Structure formats: structure tokens, C-alpha cells
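Mapping of the sequence shown onto the numbering used here: residues 1 to 375, in sequence order.
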Amino acid sequence: MTFTLRKKDILIDILVRLPAKSLVRFLCTCKSWIDLIGSSSFISTHLHRNATKHTHVYLLCLHHPNFERNDDPDDPYVEQEFQWSLFSNETFEECSKLSHPSGSTKHYVIYGSSNGLVCISEEILNFDSPIHIWNPSVKKFRTPPMSTNINIKFSHVALQFGFHPGVNDYKAVRMMRTNKNALAVEVYSLKTDSWKMIEAIPPWLKCTWQHHKGTFFNGVAYHIIEKGPICSIMSFDSGSDEFEEFIAPDAICSPSELCIDIYKERVCLLFSFYSCDEEGMVPNDLWVLQEKRWKQLCPFIYPAGSYGTIGITIDNKLLMVRRDFLRGAGDLCLCNYESKQVFETGIELAVMKYGEIELLFAITYIESLALLNKY
Numbered sequence: 001m002t003f004t005l006r007k008k009d010i011l012i013d014i015l016v017r018l019p020a021k022s023l024v025r026f027l028c029t030c031k032s033w034i035d036l037i038g039s040s041s042f043i044s045t046h047l048h049r050n051a052t053k054h055t056h057v058y059l060l061c062l063h064h065p066n067f068e069r070n071d072d073p074d075d076p077y078v079e080q081e082f083q084w085s086l087f088s089n090e091t092f093e094e095c096s097k098l099s100h101p102s103g104s105t106k107h108y109v110i111y112g113s114s115n116g117l118v119c120i121s122e123e124i125l126n127f128d129s130p131i132h133i134w135n136p137s138v139k140k141f142r143t144p145p146m147s148t149n150i151n152i153k154f155s156h157v158a159l160q161f162g163f164h165p166g167v168n169d170y171k172a173v174r175m176m177r178t179n180k181n182a183l184a185v186e187v188y189s190l191k192t193d194s195w196k197m198i199e200a201i202p203p204w205l206k207c208t209w210q211h212h213k214g215t216f217f218n219g220v221a222y223h224i225i226e227k228g229p230i231c232s233i234m235s236f237d238s239g240s241d242e243f244e245e246f247i248a249p250d251a252i253c254s255p256s257e258l259c260i261d262i263y264k265e266r267v268c269l270l271f272s273f274y275s276c277d278e279e280g281m282v283p284n285d286l287w288v289l290q291e292k293r294w295k296q297l298c299p300f301i302y303p304a305g306s307y308g309t310i311g312i313t314i315d316n317k318l319l320m321v322r323r324d325f326l327r328g329a330g331d332l333c334l335c336n337y338e339s340k341q342v343f344e345t346g347i348e349l350a351v352m353k354y355g356e357i358e359l360l361f362a363i364t365y366i367e368s369l370a371l372l373n374k375y
């Protein structure tokens with residue numbers, strides 16, 4: 001089957017509107033369709049439409065598969081089940097469950113999502129923890145090789161993943177710290193399928209510091225770090241290998257209550273720690289990084305209680321969780337920062353515990369055909 005230029009344009013205009021699952025089925029039709037759908041230009045066009053029009057967008061959440069139970073969540077002898085699933089960004093209905101791509105039954109954590117790809121690894125990271133770059137939409141994944149750069153144990157390992165538009169490559173950034181505060185940074189390139197050790201570590205990072213949360217935007221990994229009484233945002237450009245430090249606003253006094261994400265194409269900080277003048281309400285302060293300075297926006301006011309902000313969606317809604325401590329879960333809400341509207345999703349997130357630290361996971365996932373062809 002061959003296409004004239006006009007017919008091909010019409011066909012592309014139809015196909016880019018379809019979900020990835022349908023397009024994968026069409027690969028069984030004929031060679032012309034395989035060449036078209038698997039081409040880099042079509043994959044880019046399909047992704048661009050999904051991202052700009054917010055079509056085929058989901059909430060990727062960690063939840064309990066069967067939550068109706070009377071188990072004690074603090075009972076060490078009760079093994080709780082966790083399930084990653086995709087939920088509709090509009091109706092909040094569960095669309096699909098995501099099992100480990102390698103067939104493993106072990107629980108995994110998602111350390112980043114970009115252009116339809118997710119980076120997954122173990123709950124407790126070490127330098128030799130296996131990593132998988134996975135596209136659940138087309139059921140394909142890539143396993144990076146083990147690094148040969150280091151072979152020592154680290155007290156803390158942080159992993160982030162995303163796309164760097166400047167070099168047209170997907171990057172995984174792994175930062176590792178020893179008990180003696182030695183820092184090692186490695187960068188994985190999906191394009192070359194190899195790791196690179198970063199040799200030049202700035203002096204301001206060679207000190208006692210605690211790592212908190214992070215995000216990845218336009219090829220740059222951002223981490224909240226605590227150096228004694230100072231709270232900073234450390235950035236690392238995975239393309240140029242350059243570090244930079246941004247001191248957090250003075251009002252931020254507790255990094256554990258701080259959330260970092262992307263709001264309207266800018267790195268932002270969300271902080272909720274104190275009460276406001278209005279009785280029964282709590283402010284959520286928001287700063288955006290603008291020309292290397294923090295600009296404070298109007299706070300988001302919401303009812304006091306067990307609420308917490310865990311992120312921001314692709315359409316700039318706040319991901320907030322109302323904790324139910326007795327049931328060991330959290331009700332996910334979407335909050336429109338500008339209109340102040342709150343939407344109940346009906347999604348109950350699971351709570352993962354690491355000692356005194358409790359984490360809940362919900363991120364935006366955009367369907368794509370990434371990894372369908374040879375990267």
C-alpha cells in the first residue's frame with residue numbers, strides 16, 4: 001500500500017489523534033503503516049499533540065489494589081499490597097494496572113516520567129540497583145547497563161529522569177552520598193546507552209547536607225538540600241554537567257514541608273507550615289524561579305486538616321492529598337490554583353513508609369510511542 005502526499009497528510013492527521021495502544025495494533029497491517037507509525041517524525045508529532053492539547057493524559061498513582069480491609073497498617077506482620085495504575089485525567093477512572101515490565105513481582109518505585117517514558121527501580125536505592133526505562137503504552141523497556149565507575153556502598157542515593165531538549169536525549173541522573181559526605185554523580189544517556197561519571201563537584205556541595213525532594217525539567221535535575229540551617233535548591237544540568245545553587249526564601253524554615261515541581265513552565269516551591277488569619281484555613285505559599293530569583297505568588301488557601309501537596313499536574317493543578325491516618329491512605333484531590341476550586345478524584349493513594357518518612361505518589365503521565373523505534 002502506498003500513499004500520495006495529500007492522502008498521507010490526511011492519514012497522519014487522523015492517526016496522531018489515536019491512543020498509542022491503537023497505533024501499536026496498526027503495526028500489523030502493512031509495511032507502509034509500520035514505516036509511517038514507527039518514524040521519528042510521526043512519534044514526535046503524536047507526542048507534541050498529546051502534550052499541547054492534553055489528550056491521552058493520565059494520573060499515574062500508587063494505590064492499594066483492594067483497599068477494603070481491616071488490617072492494621074502499623075502491624076509489621078501484615079504485608080501490604082501496592083499497585084501502580086493509570087487513571088483518567090478527566091473521569092479519574094482506573095484505566096490500566098501496570099505490572100513490572102520484566103515480569104518481576106517485586107514492588108518498584110517510579111523516579112521520573114517524561115514524554116511517555118518512566119524510570120523505575122527498587123524502593124531502597126544503591127549504586128547497583130537495576131534501572132529500567134519503560135514505556136507502558138507500547139510495552140517496551142530499556143535496561144541501562146550496570147555502571148563500572150563505582151563499587152562502594154552509599155548512605156543515600158537519589159535518582160531522577162527526564163528529557164533534555166538541548167541534546168535531544170533522555171537522561172537519568174544518579175546522585176550518591178557516603179557517610180563521610182563524599183558525593184558522586186553519574187549520568188546515563190539513553191542515546192548512547194552508557195553512564196558517565198561527573199568529575200567536577202563544586203566546593204559548596206562538599207559538606208554535610210541532607211537531600212530531600214527533587215524534580216526534573218528541561219534536562220536539569222533540581223534537588224532540595226539542607227546544609228545546616230540553610231535550605232537550598234541544587235540544580236544539575238545533565239547536558240552541560242554544570243551545578244548551580246539557589247538559596248530558598250527565608251520564609252521556608254522546614255524542608256520536610258517543602259514540595260518542588262513545575263508550574264507554568266517554571267520551577268516552583270510549595271510550602272505549607274503555618275496558619276493564617278482566617279480561622280480553620282491554612283495557606284500554601286508558592287514561589288517560582290524567575291531569572292534565577294524566587295518570586296512569590298499569592299498563597300493558596302485551603303481548609304486546615306491533614307492536607308499535603310505532593311506535586312503539580314501538566315495542566316497546572318495542585319496534587320493535594322487528604323490523609324486518613326487510621327486507614328493508612330490518602331484521598332487525592334486536584335486544586336485549581338487560580339480559581340481555588342478543589343476536585344475530589346475518588347483515588348485513594350497508598351502510603352509508603354521508610355522509617356519516620358511517609359511518601360505518597362501521583363504524577364502526570366502522557367501517552368507516547370517512545371521506544372517504538374530504535375532510539
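Beta carbons: idealized from backbone N, C-alpha and C, even for Gly.
For clarity, every value in this text was computed on a predicted model and none was experimentally measured.
Residue 135 carries a strand assignment under DSSP once its states are collapsed to helix, strand and coil.
The continuous alpha helix (DSSP H) containing residue 50 extends over residues 40-53.
In terms of Cβ geometry, residue 59 and residue 87 form a close pair [threshold 8 Å]. Residue 142 sits in a strand when the DSSP states are folded into three classes. Rounded to whole angstroms, the Cβ separation of residue 245 and residue 204 is 6 Å, and the two are in contact under 8 Å.
Within the same chain, and ignoring the five residues on either side of residue 106 in sequence, the residues whose Cβ sits closer than 8 Å to its Cβ are 100 and 122.
For residue 314, the secondary structure class from DSSP, reduced to helix, strand or coil, is coil.
With fewer than three CB-CB distances shorter than 8 Å, the stretch 15-25 does not count as touching the stretch 315-322.
In the DSSP assignment, residue 37 falls within the alpha helix (DSSP H) that extends over 31-37. The three-state reading of DSSP puts residue 59 in strand, counting E and B together. Using a Cβ-Cβ distance cut-off of 8 Å, the stretch 363-373 and the stretch 137-151 are in contact, since at least three pairs of beta carbons, one from each stretch, lie closer than that value. Per DSSP, the unbroken beta strand (DSSP E) holding residue 267 starts and ends at 266-271. Cβ neighbours of residue 241 within its own chain (closer than 6 Å, five residues either side excluded): 198. Here the alpha carbon of residue 227 sits roughly 24 Å from the alpha carbon of residue 284.
If you compare the alpha carbons of 257, 103 and 316 with that of residue 337, the shortest gap goes to 316.
Residue 254: not part of any beta strand (DSSP E); DSSP gives it neither H nor E. 8 Å or more divides the Cβ of residue 235 from the Cβ of residue 164. A straight line joining the alpha-carbon of residue 311 with that of residue 260 spans about 7 Å.
Per the DSSP secondary-structure output, residue 149 pairs with nothing in a beta bridge.
Beyond the five residues adjoining it in sequence on each side, residue 114 comes within less than 6 Å, by CB distance, of 162 and 163 in the same chain, given in chain order. Under the 8 Å Cβ criterion, the stretch 338-355 does not count as touching the stretch 41-54, having fewer than three qualifying pairs.
When the Cα atoms are used, residue 201 and residue 207 turn out to be separated by approximately 11 Å. Approximately 6 Å separates the beta-carbon atoms of residue 282 and residue 302; this is inside 8 Å, confirming the contact. About 4 Å separates the CB atoms of residue 318 and residue 335; that is less than 8 Å, so the two are in contact. Setting aside the 5 residues that flank it on each side, residue 96 is surrounded in the same chain by 85, 86 and 136, each with a C-beta closer than 8 Å to its C-beta; the list follows chain order.
At the C-beta level, residue 147 and residue 195 come within 8 Å of one another. If you look at residue 343, you'll find it in the beta strand (DSSP E) that goes 342-350.
Within the same chain, Cβ atoms closer than 6 Å to the Cβ of residue 174 are found at 159 and 186, the five residues on either side in sequence being excluded. Between the alpha carbons of residue 132 and residue 358 lies a distance of about 24 Å.
Apart from the 5 residues on each side of it in sequence, residue 191 sits with its Cβ closer than 6 Å to the Cβ of 169 in its chain, given in chain order. Closest by C-alpha distance to residue 307, out of 220, 33 and 331, is 331.
DSSP, read as helix, strand or coil, puts residue 243 in strand. Per the DSSP secondary-structure output, residue 289 pairs in a beta bridge with 294. In this chain, the beta strand (DSSP E) harbouring residue 236 covers 230-237.
Rounded to the nearest whole angstrom, the C-alpha separation of residue 176 and residue 12 is 45 Å. For residue 189, the enclosing beta strand (DSSP E) covers residues 183-189.
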